[in-house]
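Take the sequence shown: its letters are residues -19 to 570, numbered as in this note's numbering. Here's the structure, in structure tokens; my notes come after.
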Amino acid sequence: MDAPNDEFVLVGSLEELKEKGRLVVQGDHRPILVIYDRGRVFALDNRCPHMGFPLERGTVEDGILTCHWHHARFDLESGCTFDLWADDVPSCAVELRNGDVWVATTFGHSDPAAHWHQRLADGLAHDLGLVIAKAVHGLLAADVPAADIVRQVALFGAQNRDGWGVGLTILTALANLLPILPEDEAWLALFHGARRVAEDCEGEAPRRERAPLGSRPEPATLKRWLRLWTNVRHREAAERTLLTAIAAGLSPSVLADALLSAGTERAFADTGHSLDFTNKAFECLDLIGWEHASAVLPTIVAQMVTARGAEESTAWRQPVDLVALCDESASQMGQLLAAGRGWSNHASLARELLGDDPAKIIDALKAAIRAGAAPADLGQSLAYGAALRVARFGNANEHADWETAHHVFTHANALHQMLTRIGNAGIGGHVTAIRAIMHGAMALYLARYLNVPPARLPGEGNDQLDDLPADEETIRTALLDALDRQQQVDLAARLVARHLTLGHPPQALIGTLALAVLREDAGFHAYQMLEAGVRQFAAWGNTGEGRHVLIAVVRYLAAHSPTERGTLQTADIARRLMRGGEVHQGAEAS
């Protein structure tokens, strides 16, 4: 669509054009509007770039072309819009040959990738959803790798907002899912991520650059300093310390250990969001390249140093002082930890972590450590236990209580990913890892009331699922239909269980769950839940535990569906316009 083409089509004589003022001819991909105005000839796409309404029905006055549908106005000579929400209208070359008017049949760009990168930058800067959607579509059509699009959006978000936010988290979560998404859903995922970053940055102060220290202290010293500055809420000092660690060339695993140590200065900080954002910043750099670490990682510091810790909550202090219990136990268990020895009782430990006695939960963790569990093993068990909290969430609870269960699960997933990244690179022993595990375990304990009474897992007891369809496509269609209606939590869970227990491909099911999120005006937590669930399913595979994880995901999604789907409408308009459709005539005209 964007490739330059030297072929021209005859419009008519110049005299005819002067007499009529405007003519329309068919180009290779779309109709072309040719206008005579004040002694000059102009050729533009006849479709308004906003919604595709025929510009031939508009008016021209003083060199300004106005579309009469939403009153978007354009510079006739360049096609540039005066109303940024409408986007620019493409123009094409005009030639006069022996009194006749000829126009190029295509709207080409000498460098399509550069053009659409600039349009994406414009859309992000002004939070223009339609422009962003068309730019992402154009970049993919120009064979620009998805990773390049993610990089452009991520760096925009890091530079144009003073701190990591939900937009960058959504972008990273969806980018993590790109390898398993079909082409149409991958485009939609990139659009969602970019749009949410733009919304997050709209009206925000840009980030101010800070510099690393002139010295290069030892990694252990930098780790201590990060903890100190976090504890006393000194943002500038913490950022300069982190920038110094990056400039010193510390590996991602060592940086992760230092930031986990600082982040756990407060228990379950900001209901788990602080650690989740930190983990997503690391995953973002995995996607866009670690050469951008100094631009991305410091964005998490502001929340880390200002976060409210659970130790400030009465529930963590009474009737049992869980904070003191965590501190005491972390010191003891940190000395027990050694290199993992092939321990594999993840599911058994997870069920013990769901208990209602903090002392017994600690004993279970100690027993696992003595048996050879590594920190990442404990993280996987914790994440599975948290998934079971969601999977067994009782429908009698308040709807807002879904978020309590969700926070524990996404926090536990982030901790699992961070501990896996750190491996054996931790400086000064394993106390940091154990402290983080303890915080997660106590958050899971405090959410126990969400399973009173517990929802029954599909397939348990007499629920054999035989009343549901067996064909995989029929199951996935029924699942999307269930998610199209409110209060279908249990049916959606049973359909997921049916799909997996029959041995149908999990990837196809995950693609359906992704589509279910991408078609909605989903809340921030829905993206988190989907991506964390896919991560944890990958750790377990299509086992009983893996099925429980995806059941947790779909139950949460079903409780928050459907929505108005305005974002999907914007995406559909953009796609149809980019494919040459005329939106005003209805979908069948495309």
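C-beta: ideal position from N, C-alpha, C; glycine also.
Within the model, the alpha-carbon separation for H95 versus A348 is close to 56 Å. Looking only at L110, A282, A228, the smallest Cα-Cα distance to L202 is reached by A228. Leaving aside the five residues that flank H386 on each side, the residues in its chain whose CB is nearer than 8 Å to its CB run, in chain order, V370, H505, Q508, M509, Y536. In the DSSP assignment, A84 falls within the unbroken beta strand (DSSP E) covering 80 to 84. F(-12): member of the beta strand (DSSP E) spanning -12 to -7, first to last residue.
In the three-state scheme derived from DSSP, where H, G and I count as helix and E and B as strand, T543 is classed as coil. A contact between stretches requires three or more CB pairs, one per stretch, nearer than 8 Å, and the stretch 76 to 83 fails this requirement with the stretch 93 to 107.
The three-state reading of DSSP puts E198 in coil, since its state is none of H, G, I, E or B. Counting C-beta pairs with one atom in each stretch, the stretch 414 to 421 and the stretch 441 to 461 have fewer than three that are closer than 8 Å, which means they do not touch.
A distance of 7 Å or more separates the beta carbons of E57 and R2. Straight-line spacing of the CA atoms in R27 and R288 works out to 52 Å. If you look at I414, you'll find it in the alpha helix (DSSP H) that goes 411 to 426.
Taking 8 Å as the upper bound for CB-CB distance, A153 and K260 are in contact here, some 7 Å apart. The three-state secondary structure of V40, taken from DSSP, is strand. Residues of the same chain with a CB within less than 8 Å of the CB of N375, apart from the 5 flanking positions on each side, are A435, V469, D470 in chain order. Where I112 is concerned, the enclosing alpha helix (DSSP H) starts and stops at 109 to 121.
Cβ-Cβ distances below 6 Å link N156 to E511 in the same chain, with the five nearest sequence neighbours on each side left out; the list follows chain order. The beta-bridge partner set that DSSP reports for F22 consists of I15. In the DSSP assignment, D55 falls within the unbroken beta strand (DSSP E) covering 53 to 55. When secondary structure is reduced to three states using DSSP, R207 falls in the helix class.
The alpha-carbon separation between R527 and E332 amounts to approximately 19 Å. With contacts defined by Cβ atoms closer than 7 Å, D180 and G143 do not form a contacting pair. Assignment of alpha helix (DSSP H) within the stretch 320 to 381, counting only whole runs of 4 or more residues, yields 326 to 333, 338 to 350, 355 to 371 in chain order.
T547 counts as buried, since no fewer than 16 other beta carbons sit within 10 angstroms of its beta carbon. For L3, the enclosing beta strand (DSSP E) covers residues 2 to 6. CA-to-CA, the gap between V21 and V14 works out to about 7 Å.
Shown here, T457 sits in a helix according to DSSP, grouped into three states. Leaving aside the five residues that flank L161 on each side, the residues in its chain whose CB is nearer than 7 Å to its CB run, in chain order, A169, G491, A494. By the Cβ rule, the stretch 234 to 254 counts as touching the stretch 400 to 414, because three or more pairs are nearer than 8 Å.
The three-state reading of DSSP puts L76 in strand, counting E and B together. Taking the CA atoms as reference points, I268 sits about 22 Å from A191. CA-to-CA, the gap between C264 and R196 works out to about 26 Å. When the five nearest sequence neighbours on each side are left out, the beta carbons in the same chain lying within less than 6 Å of the beta carbon of R415 are those of T244, A310, in order along the chain.
The alpha-carbon separation between A178 and F257 amounts to approximately 18 Å.
Remark: three or more beta-carbon pairs, one from each stretch, lie closer than 8 Å, so the stretch 134 to 143 and the stretch 181 to 189 are flagged as touching. Put simply, the stretch 427 to 443 does not touch the stretch 302 to 316. Fewer than three CB pairs are less than 8 Å apart.
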